[in-house]
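Student: One structure coming up, written as structure tokens, with questions to follow.
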């Protein structure tokens with residue numbers, strides 16, 4: 199009798215241990231939410247909550263959050279605040295449950311926005327929607343439980359913002375942006391409204407991983423190199439690492455206590471833990487960079503006066519000079535130096551003049567198998583190249599735009615573009 203009880207107890211305990219060590223069944227790298235906890239990671243899927251320290255042994259329990267966690271991501275630097283990937287909805291993981299904080303709705307217009315914490319305020323910079331790319335900054339008011347737009351708009355943010363952080367001492371926004379050809383470091387001083395940037399020498403063959411909770415942005419190359427940034431010291435360092443640590447692996451989260459990364463293996467469809475010291479040894483090189491405008495700080499008062507005098511001197515000439523007339527007169531010269539894709543886009547805009555043309559129509563000329571985001575990036579790069587060449591050929595000042603962007607009066611989601619008629 200005692201023997202039967204012991205056998206039954208042994209089978210039961212074996213089942214419990216087996217269930218506790220069962221790893222999560224994942225559908226992809228963004229089918230769960232991860233939270234650093236102690237020296238391990240808590241993994242939340244749509245049905246269960248897991249905990250692991252090594253990516254091998256897991257504890258698990260079921261939950262009833264009634265929330266599709268695949269649509270949310272942890273906002274870095276907060277007390278487990280979760281924000282919808284497209285913006286709007288805000289939740290908090292607290293006392294082993296999910297609590298909704300906002301009174302907003304699901305936007306679906308801020309995908310891949312750069313998250314920023316400004317004096318404990320949640321901020322989103324830029325982002326993509328189905329029909330548009332945001333060029334402004336919004337913040338969440340935790341008292342009113344609603345999102346609001348900052349009154350200023352940064353026209354300089356034509357590039358995609360990869361990473362941003364706030365320096366409370368200097369009241370500056372600093373970060374990294376890209377036009378998918380090169381990188382730029384930027385600074386924005388809120389009080390002065392002063393924007394400064396500098397291009398960096400590394401070529402765009404690196405992928406930026408928005409790793410939650412890691413203090414600085416990381417960029418992995420397609421071979422065996424990795425870039426780490428120190429934005430406060432204005433330096434970045436290049437390291438070499440084992441490509442096995444990168445191949446088909448997505449670095450998603452970081453635990454500062456255990457100094458480990460939570461990594462999704464896209465081949466095995468499972469989670470692994472990678473120690474930070476495996477990625478970094480001695481850097482191949484460390485590069486310092488300085489803002490190109492720093493040398494002009496003493497001339498900030500003189501520059502506006504010069505601009506005013508030049509503006510008054512050439513005001514009549516500028517008014518007489520119509521951008522569209524000059525562009526049309528130089529059409530053949532511009533076309534001669536454009537690539538095939540740029541020539542097609544430029545011709546469509548010119549032929550549509552004076553009526554605007556939808557951006558979606560221009561995007562159709564790019565590879566159909568590309569995602570909406572990829573085609574939009576290619577179109578933006580194409581338009582920038584056309585504008586720069588047109589200004590050079592037509593001798594148009596940098597302050598004047600060749601193309602004017604607008605919205606359809608009937609449907610604000612539809613973006614239009616036409617030649618500048620002024």
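In my numbering, the protein residues as written are 199 to 620.
A virtual CB, placed ideally from N, CA and C, is assigned to each residue, including glycine.
Whose CA, out of 556, 222 and 578, lies closest to the CA of residue 358?
Tutor: Locating residue 358 in the chain shown gives position 160, where the first residue counts as 1. Closest option to residue 358, Cα to Cα, is 578.
Student: From residue 305 to residue 343, what does the alpha carbon distance come to, in whole angstroms?
Tutor: For this step, residue 305 is matched to residue 107 along the chain shown. For this step, residue 343 is matched to residue 145 along the chain shown. Looking at the two C-alpha atoms, the distance is approximately 15 angstroms.
Student: Among the residues of its own chain, which have a CB less than 8 angstroms from the CB of residue 527, if the five just before and after it don't count?
Tutor: Here the question's residue 527 lines up with position 329 in the chain shown. For residue 527, where only same-chain residues beyond five positions count, the Cβ hits under 8 angstroms are 592.
Student: Looking only at its own chain, which residues have a Cβ that is under 7 angstroms from the Cβ of residue 412, when we skip the five neighbours before and after it?
Tutor: Translated into positions along the chain shown, residue 412 becomes position 214. Result list for residue 412: 452, in chain order.
Student: The beta strand (DSSP E) spanning residue 312 covers which residue range?
Tutor: Here residue 312 corresponds to residue number 114 of the chain shown, with the count starting at 1. Going by DSSP, residue 312 is part of the beta strand (DSSP E) stretching over 312-316.
Student: When the Cα atoms are used, what is the spatial distance from residue 436 to residue 485?
Tutor: Walking along the chain shown from the start, residue 436 turns up at place 238. Walking along the chain shown from the start, residue 485 turns up at place 287. Roughly 8 angstroms separates the two Cα atoms.
Student: Would you kindly report the start and end of the unbroken beta strand (DSSP E) that includes residue 485?
Tutor: Taking the chain shown and counting its residues from 1, one reaches residue 485 at position 287. Segment 483-486, the beta strand (DSSP E) holding residue 485.
Student: For residue 473, tell me which candidate among 443, 464 and 481 has the shortest Cα-Cα distance.
Tutor: The residue you call residue 473 lines up with position 275 of the chain shown. It is 443 whose Cα lies nearest to the Cα of residue 473.
Student: Quick check: does the Cβ of residue 232 come within less than 6 angstroms of any heavy atom belonging to the ligand SAH?
Tutor: Summarising the ligand content, the structure contains no ligands, and the ligand SAH is consequently not present.
Student: In the DSSP assignment, find the unbroken alpha helix (DSSP H) run with residue 561 in it and report its ends.
Tutor: Counting from 1 along the chain shown, the entry for residue 561 is found at position 363. Looking at the DSSP string, the run of the alpha helix (DSSP H) that includes residue 561 is 557-561.
Student: Beta-carbon separation of residue 227 and residue 383 under 7 angstroms?
Tutor: The residue you call residue 227 lines up with position 29 of the chain shown. The residue you call residue 383 lines up with position 185 of the chain shown. Using a Cβ distance threshold of 7 angstroms, residue 227 and residue 383 do not count as a contacting pair.
Student: If you draw a straight line from the alpha carbon of residue 266 to that of residue 283, how long is it in whole angstroms?
Tutor: Within the chain shown, numbered from 1, the residue matching residue 266 stands at position 68. Within the chain shown, numbered from 1, the residue matching residue 283 stands at position 85. Cα to Cα, residue 266 sits roughly 12 angstroms from residue 283.
Student: Would you kindly report the start and end of the unbroken alpha helix (DSSP H) that includes residue 588?
Tutor: Numbered from 1 along the chain shown, position 390 holds the residue referred to as residue 588. Counting along the chain, the alpha helix (DSSP H) containing residue 588 begins and ends at 570-592.
Student: Would you check if the segment 269-288 and the segment 231-241 touch, i.e. whether three or more CB-CB distances between them fall below 8 angstroms?
Tutor: Three or more beta-carbon pairs separated by less than 8 angstroms link the segment 231-241 to the segment 269-288, which places the two stretches in contact.
Student: Measuring straight from C-alpha to C-alpha, what distance separates residue 389 and residue 419?
Tutor: Along the chain shown, read from residue 1 onward, the residue named residue 389 stands at position 191. Along the chain shown, read from residue 1 onward, the residue named residue 419 stands at position 221. Each residue's alpha carbon lies about 37 angstroms from the other.
Student: What first and last residue would you give for the alpha helix (DSSP H) that runs through residue 544?
Tutor: Position 346 of the chain shown, counting from 1, holds the residue named residue 544. Taken as a continuous stretch (DSSP letters only), the alpha helix (DSSP H) holding residue 544 covers 538-550.
Student: Does DSSP classify residue 366 as helix, strand or coil?
Tutor: In the chain shown, the residue the question calls residue 366 occupies position 168. It is coil, neither helix nor strand.
Student: Report the residue from 268, 286 and 293 whose alpha carbon sits nearest the alpha carbon of residue 278.
Tutor: The residue labelled residue 278 in the question sits at position 80 within the chain shown. Between residue 278 and the set 268, 286 and 293, the nearest pair of CA atoms involves 293.
Student: Assuming residue 329 and residue 523 are in contact, meaning their beta carbons sit under 8 angstroms apart, how far apart are those beta carbons, in whole angstroms?
Tutor: Walking along the chain shown from the start, residue 329 turns up at place 131. Walking along the chain shown from the start, residue 523 turns up at place 325. Wrong, their Cβ atoms sit about 31 angstroms apart, outside the cutoff.
Student: Do residue 314 and residue 364 have their C-beta atoms within less than 7 angstroms of each other?
Tutor: Position 116 of the chain shown, counted from the start, is the residue given in the question as residue 314. Position 166 of the chain shown, counted from the start, is the residue given in the question as residue 364. Yes.
Student: So what's residue 336 in DSSP terms, helix, strand or just coil?
Tutor: Residue 336 sits at position 138 when you count from the first residue of the chain shown. In the structure shown, residue 336 sits in a strand (DSSP, three-state: E or B).
Student: Rounded to whole angstroms, what is the Cα-Cα separation between residue 223 and residue 254?
Tutor: For the purposes of this step, residue 223 is identified with residue 25 of the chain shown, where counting begins at 1. For the purposes of this step, residue 254 is identified with residue 56 of the chain shown, where counting begins at 1. Roughly 13 angstroms separates the two Cα atoms.
Student: Taking DSSP's pairing of strands, which residues face residue 259 in a bridge?
Tutor: Here residue 259 refers to the residue found at position 61 when the chain shown is read from its first residue. Residue 259 pairs with 247.
Student: What residue from 281, 356 and 371 has the CA that sits closest to residue 317's CA?
Tutor: Within the chain shown, numbered from 1, the residue matching residue 317 stands at position 119. Here the closest residue by C-alpha is 371.
Student: Within this structure, are the beta carbons of residue 432 and residue 487 separated by less than 7 angstroms?
Tutor: Against the chain shown, residue 432 aligns to sequence position 234. Against the chain shown, residue 487 aligns to sequence position 289. When the beta-carbon positions are compared, residue 432 and residue 487 come within less than 7 angstroms of each other.
Student: Grouping DSSP H, G and I as helix and E and B as strand, with all else coil, what is residue 268?
Tutor: Taking the first residue of the chain shown as 1, we reach residue 268 at position 70. Here residue 268 sits in helix by DSSP.
Student: Measuring alpha carbon to alpha carbon, tell me which residue in 326, 280 and 469 is nearest residue 447.
Tutor: Taking the chain shown and counting its residues from 1, one reaches residue 447 at position 249. When the alpha-carbon of residue 447 is set against those of 326, 280 and 469, the nearest one is in 469.
Student: Just to confirm my understanding: we take residue 571, look at its own chain, exclude 5 residues before and 5 after, and list those with CB closer than 6 angstroms. What are they?
Tutor: Counting from 1 along the chain shown, the entry for residue 571 is found at position 373. So the list reads 326, once near-sequence residues are dropped.
Student: Going by the CB atoms, is the gap between residue 425 and residue 434 shorter than 7 angstroms?
Tutor: Residue numbering aside, residue 434 sits at position 236 when the chain shown is read from its first letter. Residue numbering aside, residue 425 sits at position 227 when the chain shown is read from its first letter. By the CB criterion at 7 angstroms, residue 434 and residue 425 fall inside the cutoff.
Student: By Cβ distance below 7 angstroms, which residues in the same chain neighbour residue 460 in space, the five residues on each side in sequence not counted?
Tutor: Residue 460 sits at position 262 when you count from the first residue of the chain shown. Scanning its chain for C-beta atoms nearer than 7 angstroms, with the 5 sequence neighbours on each side dropped, one finds around residue 460 the residues 232, 239, 450, 451, 469 and 471, in chain order.
Student: Among 308, 295, 298 and 366, which one has its Cα closest to the Cα of residue 319?
Tutor: In the chain shown, residue 319 corresponds to position 121, counting from 1. Among 308, 295, 298 and 366, the Cα nearest to that of residue 319 is on 366.
Student: Can you look up residue 360 in the DSSP assignment and give me helix, strand or coil?
Tutor: For the purposes of this step, residue 360 is identified with residue 162 of the chain shown, where counting begins at 1. Correct three-state label for residue 360: strand.
Student: Report, in whole angstroms, the separation of the C-beta atoms of residue 620 and residue 521, which I expect to be a contact under 8 angstroms.
Tutor: As a first step, residue 620 is located in the chain shown; it is residue number 422 there, counting from the start. As a first step, residue 521 is located in the chain shown; it is residue number 323 there, counting from the start. The beta-carbon separation of residue 620 and residue 521, rounded to 6 angstroms, stays under the 8 angstroms limit for a contact.
Student: Per DSSP, which residues does residue 373 bridge with? Please list them.
Tutor: Position 175 of the chain shown, counted from the first residue, corresponds to residue 373. According to DSSP, which records beta bridges pairwise, residue 373 is partnered with 362 and 384.
Student: Curious, which full-length alpha helix (DSSP H) runs of at least 4 residues does the segment 268-295 contain?
Tutor: Within the segment 268-295, there are no complete alpha helix (DSSP H) runs of at least 4 residues.
Student: Would you say residue 588 and residue 542 are within 7 angstroms of each other, going by their C-beta atoms?
Tutor: By 1-based counting over the chain shown, the position of residue 588 is 390. By 1-based counting over the chain shown, the position of residue 542 is 344. Taking 7 angstroms as the Cβ cut-off, residue 588 and residue 542 do not qualify as a contacting pair.
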